[in-house]
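K.L.:
Residue numbers (the working numbering), protein chains in the order written: chain A, 19 to 524; chain B, -18 to 160. Glycine is no exception: its CB is placed at the ideal position from the N, C-alpha and C atoms. In this text, all values refer to a predicted model and were calculated from it rather than measured experimentally.
Structure representation (structure tokens):
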């Protein structure tokens, strides 16, 4: 109870509350505009938050992270274009409902399911927190190294159909973070005698290039789009009542969101895929899925909104980010010298609890905001994409230049911007590069600090948790090989080469 | 069952035109890095393998080259998708906007953040194909909003323009602090 009181006190600062308000409402708006995802917004705002106190900065970014998917559901349902990548599945059943003249019902259900998923995951985490505080200290260097390794393997394997590309890009990320002055022996690595490479390649510069600038370049080089929106009449509250009819699907989807969110490298897509499959298999009308089934919409939205809260677990308890957005948030921690990991969970529980409470409040703010402003939000979606591109380009400058006023950083970011355009156009994933950089750094330091206690390779897995993670790694690889064998026997047909919404803006 | 399969495919990434060009370039880049390992990240004599500074660059480049070779192989063995060079041209076109971005970076310390942002917001709208005054005005206002939000309110570190030196003292310090 003491922890909860301290957490509430931390949260009751006007700066934190303002950041929460700006983050959550800003996140909904950003999520609703197709082409600008939470990743772009967080990348741009990241350097600006460094000047703020840690909780204020984190709460603002968390606000954007947690609320963008609410906003993203709106264009997904109304115009068949997901606002953020994780709303892609929502188009499957949301848009057919709109075509049937049930736009209000679909939007209301999407909001309600998102709200349910968000609240469900936070309650799970609050209940889990004391348990996590007990387990986290058992994670030493070896365990964290293995967990980061598992994260890398999962992020590569999660990119179905592009495993080789994901592997090479993850390795490229690991390589990038080794460039520059090496901290142990102070030798220069891969600087090619260039002084500007000595300080290495900054993660935030890469993030800004790959997410923000590339999106700006992409929008500017593509034909202009300005979707026509329909306005929605009537109250959104009915969705909450209707959701009650589908509480089983919503609960299972949220649980899967929490589970998948906790495992590094897995995230929203797997959670949605599993919950949608579950909803369809257990439905009385499975034939309606993809044609406007409310359960499908609920499965998709509840699962994706349960992920942000859960993704905070590996980040806070172990210092391991599971996907790109939490990887970006990790840098906010580092800048303020708050090192996430077992110690944080053990010594600063009120801080962790305050973050969870912030997530809880955020979901309420967002729902209240959407109840009154959905129609105004639809106007935002009509913004022409090229002008959005111009705005992102101008904002990208603030992000990169304000880091350390370095023109070199800007040039590197511009280079990564072009690289990001190539990757996005080729359907190749960006996330492995970012996770490679972050998890590569973690693996390097943790392996080094684990070495004095490891005399032979088996010492690496002598402790129970290390052993469990190691078995998980083997299991994941074995399961993947099994899938490969299955696919080889039954190859997929009708391979398409279009750019899918799931690949955009990640 | 067909529906479930369709869903799996939604989350699956497929090859697009130009993949093989990228695969070749990435493999050559990896091989170049591999050839530089001896000079850019030399293996120090003595010391454990895992604590060698060159350990992670070596491991990552070897994995990178291995996967890049497999990626190229899979791309080469797959049926050709037409439109390879048109796609490469689309990549090259994005370099123009990287140029705009760098021009913006170079001009800010000269003309100041506010002026440069307004100019670039309008010029880029012009470049994007807009010719109406309303759009230019809206973009200029967007530029002002960006500067006010980040420089005036959030006090993000962006240096004042050299041009501010010509302003009267009182106005100069105001402009240096807020714009």
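I need the straight-line Cα distance from residue 428(A) to residue 103(B), nearest angstrom please.
P.N.:
As a working note, residue 428(A) is residue 410 in the first chain. As a working note, residue 103(B) is residue 122 in the second chain. If you take the alpha carbons of residue 428(A) and residue 103(B), they lie about 21 angstroms apart.
K.L.:
May I ask you to verify whether the segment 321 to 335 of chain A touches the segment 264 to 279 of chain A, counting CB pairs closer than 8 angstroms and requiring at least 3?
P.N.:
Touching, yes.
K.L.:
Spell out a yes or no on whether the segment 118 to 137 of chain A and the segment 295 to 306 of chain A are touching, meaning 3 or more CB-CB pairs, one atom from each, closer than 8 angstroms.
P.N.:
The segment 118 to 137 of chain A is not in contact with the segment 295 to 306 of chain A.
K.L.:
Between the alpha carbons of residue 96(B) and residue 409(A), how many angstroms are there, rounded?
P.N.:
Within the second chain, numbered from 1, the residue matching residue 96(B) stands at position 115. Within the first chain, numbered from 1, the residue matching residue 409(A) stands at position 391. Near 15 angstroms, if we compare the C-alpha coordinates of residue 409(A) and residue 96(B).
K.L.:
Identify whether residue 160(A) lies in helix, strand or coil by the three-state DSSP scheme.
P.N.:
To locate residue 160(A), count along the first chain from 1; it is residue 142. Reduced to three states, the DSSP call for residue 160(A) is helix.
K.L.:
For residue 207(A), which residues does DSSP report across the bridge?
P.N.:
For the purposes of this step, residue 207(A) is taken as residue 189 along the first chain, with counting starting at 1. DSSP lists 198(A) as partners of residue 207(A).
K.L.:
CB-CB under 7 angstroms to residue 191(A), same chain, minus the five flanking residues each way: which ones, in chain order?
P.N.:
Sequence index remark: in the first chain, residue 191(A) carries index 173 (1-based). Excluding residues within five positions, the ones whose Cβ falls inside 7 angstroms are 450, 451, 452, 453, 454, 455 and 458.
K.L.:
Does DSSP put residue 20(A) in a helix, a strand or coil?
P.N.:
Locating residue 20(A) in the first chain gives position 2, where the first residue counts as 1. Reduced to three states, the DSSP call for residue 20(A) is helix.
K.L.:
Residues of chain A with CB under 9 angstroms from residue 110(B), in chain order?
P.N.:
In the second chain, counting from the first residue as 1, residue 110(B) sits at position 129. Those are 242 and 404, listed as they occur along chain A.
K.L.:
Grouping DSSP H, G and I as helix and E and B as strand, with all else coil, what is residue 259(A)?
P.N.:
Taking the first chain and counting its residues from 1, one reaches residue 259(A) at position 241. Helix.
K.L.:
Kindly indicate which residue of 200(A), 434(A), 163(A) and 374(A) has the alpha-carbon position closest to the one of residue 460(A).
P.N.:
In the first chain, the residue the question calls residue 460(A) occupies position 442. Comparing Cα positions, the closest option is 163(A).
K.L.:
Three-state secondary structure (DSSP) at residue 16(B)?
P.N.:
What you label residue 16(B) is simply residue 35 of the second chain in a count that begins at 1. Correct three-state label for residue 16(B): helix.
K.L.:
Please check if any C-beta of chain A sits within less than 8 angstroms of the C-beta of residue 72(B).
P.N.:
In the second chain, counting from the first residue as 1, residue 72(B) sits at position 91. So yes, residue 72(B) belongs to the interface.
K.L.:
Which chain B residues sit within Cβ distance under 8 angstroms of residue 466(A)?
P.N.:
In the first chain, residue 466(A) corresponds to position 448, counting from 1. In chain order: 31 and 32.
K.L.:
Along the alpha helix (DSSP H) that carries residue 112(A), what are the first and last residues, could you check?
P.N.:
As a working mapping, residue 112(A) is identified with position 94 in the first chain. Start and end: 106 to 117.
K.L.:
Which residues in chain A sit within 8 angstroms of residue 135(B), going by Cβ to Cβ distance?
P.N.:
For this step, residue 135(B) is matched to residue 154 along the second chain. Chain A residues near residue 135(B): 66 and 69.
K.L.:
Write down every uninterrupted run of the alpha helix (DSSP H) in the segment 41 to 101 of chain A whose length is 4 residues or greater and which is fully enclosed by it, in chain order.
P.N.:
Entirely contained in the segment 41 to 101 of chain A, the alpha helix (DSSP H) runs reaching 4 residues are, in chain order, 56 to 67 and 72 to 97.
K.L.:
If you compare alpha carbons, which of 489(A), 503(A) and 437(A) is closest to residue 74(B)?
P.N.:
As a first step, residue 74(B) must be located in the second chain, where it is residue number 93. Cα-wise, what sits closest to residue 74(B) is 437(A).
K.L.:
Is there a Cβ from chain A that is less than 8 angstroms from the Cβ of residue 120(B)?
P.N.:
Translated into the one-based positions of the second chain, residue 120(B) becomes position 139. Interface residue, yes.
K.L.:
Please go through the same chain and pick out, in chain order, the residues whose beta-carbon is closer than 8 angstroms to the beta-carbon of residue 518(A), but skip the five residues on each side of it.
P.N.:
Indexing the first chain from 1 puts residue 518(A) at position 500. Bear in mind that a pLDDT of 47 at residue 518(A), under 50, signals an unreliable position, so the number given afterwards is only what the model happens to contain. Closer than 8 angstroms at the Cβ level, and outside the excluded window around residue 518(A), lie 106 and 445.
K.L.:
Give the C-beta separation of residue 38(A) and residue 380(A) to the nearest angstrom, bearing in mind that I take them to be a contact with Cβ-Cβ under 8 angstroms.
P.N.:
Residue mapping note: residue 38(A) aligns to position 20 of the first chain, counting from 1. Residue mapping note: residue 380(A) aligns to position 362 of the first chain, counting from 1. That pair is a contact at about 6 angstroms.
K.L.:
With 16 other CB atoms within 10 Å as the buried threshold, where does residue 177(A) fall?
P.N.:
Numbered from 1 along the first chain, position 159 holds the residue referred to as residue 177(A). The residue is buried, with at least 16 neighbouring Cβ atoms inside 10 Å.
K.L.:
I believe residue 140(A) touches residue 327(A) by the beta-carbon criterion, under 8 angstroms. Please report the beta-carbon distance rounded to the nearest angstrom.
P.N.:
Against the first chain, residue 140(A) aligns to sequence position 122. Against the first chain, residue 327(A) aligns to sequence position 309. Correct: roughly 5 angstroms between the Cβ atoms.
K.L.:
Closest Cβ-Cβ distance between residue 487(A) and chain B: below 8 angstroms?
P.N.:
By one-based count along the first chain, residue 487(A) stands at place 469. Not an interface residue.
K.L.:
On the CB-based measure, 16 or more other CB atoms within 10 Å of its CB, does residue 136(B) come out buried or exposed?
P.N.:
Within the second chain, the letter at position 155 stands for residue 136(B). Looking at its Cβ environment, which holds fewer than 16 other Cβ atoms inside 10 Å, residue 136(B) is exposed.
K.L.:
Rounded to the nearest angstrom, how far is the Cβ of residue 406(A) from that of residue 226(A), given a contact under 8 angstroms?
P.N.:
By one-based count along the first chain, residue 406(A) stands at place 388. By one-based count along the first chain, residue 226(A) stands at place 208. Between residue 226(A) and residue 406(A) the Cβ distance is about 16 angstroms, and since that is not below 8 angstroms, they are no contact.
K.L.:
Distance, Cα to Cα, residue 59(A) vs residue 82(A)?
P.N.:
Stepping through the first chain from its first residue, residue 59(A) is reached at position 41. Stepping through the first chain from its first residue, residue 82(A) is reached at position 64. Computed Cα separation, rounded: 8 angstroms.
K.L.:
If contact means a Cβ-Cβ distance below 7 angstroms, which residues of the segment 88 to 107 of chain B contact chain A?
P.N.:
The segment 88 to 107 of chain B vs chain A, Cβ under 7 angstroms: 98, 101, 102, 105 and 106.
K.L.:
Could you confirm whether any beta carbon from chain B is found closer than 8 angstroms to the beta carbon of residue 416(A)?
P.N.:
Numbered from 1 along the first chain, position 398 holds the residue referred to as residue 416(A). Output row for residue 416(A): interface = yes.
K.L.:
Report yes if the C-beta distance between residue 208(A) and residue 224(A) is below 8 angstroms; otherwise report no.
P.N.:
As a working mapping, residue 208(A) is identified with position 190 in the first chain. As a working mapping, residue 224(A) is identified with position 206 in the first chain. No. Outside cutoff.
K.L.:
Measuring CA to CA, which of 85(A), 361(A), 126(A) and 103(A) is closest to residue 136(A)?
P.N.:
Position 118 of the first chain, counting from 1, holds the residue named residue 136(A). Residue 136(A) has its Cα closest to that of 85(A), out of 85(A), 361(A), 126(A) and 103(A).
K.L.:
Using a Cβ-Cβ distance under 8 angstroms, would residue 61(B) count as near chain A?
P.N.:
For the purposes of this step, residue 61(B) is taken as the residue at position 80 of the second chain. With 8 angstroms as the cut-off, residue 61(B) does not count as an interface residue toward chain A.
K.L.:
Is the segment 50 to 64 of chain A in contact with the segment 83 to 103 of chain A, if contact means three or more CB pairs nearer than 8 angstroms?
P.N.:
Contact holds: three or more Cβ-Cβ distances are below 8 angstroms.
K.L.:
What does the alpha-carbon distance come out to for the pair residue 69(A) and residue 139(B)?
P.N.:
Your numbering for residue 69(A) matches position 51 in the first chain. Your numbering for residue 139(B) matches position 158 in the second chain. If I take the Cα positions, the gap works out to 13 angstroms.
K.L.:
Using CA coordinates, which residue listed in 98(B), 149(B), 134(B) and 107(B) is at the minimum distance from residue 125(B)?
P.N.:
Taking the first residue of the second chain as 1, we reach residue 125(B) at position 144. When only C-alpha atoms are compared, the closest one is 98(B).
K.L.:
Counting only the same chain and skipping the five closest in sequence on each side, list residues whose C-beta sits under 7 angstroms from that of residue 33(B).
P.N.:
Indexing the second chain from 1 puts residue 33(B) at position 52. Same-chain partners within the cutoff: 24 and 25.
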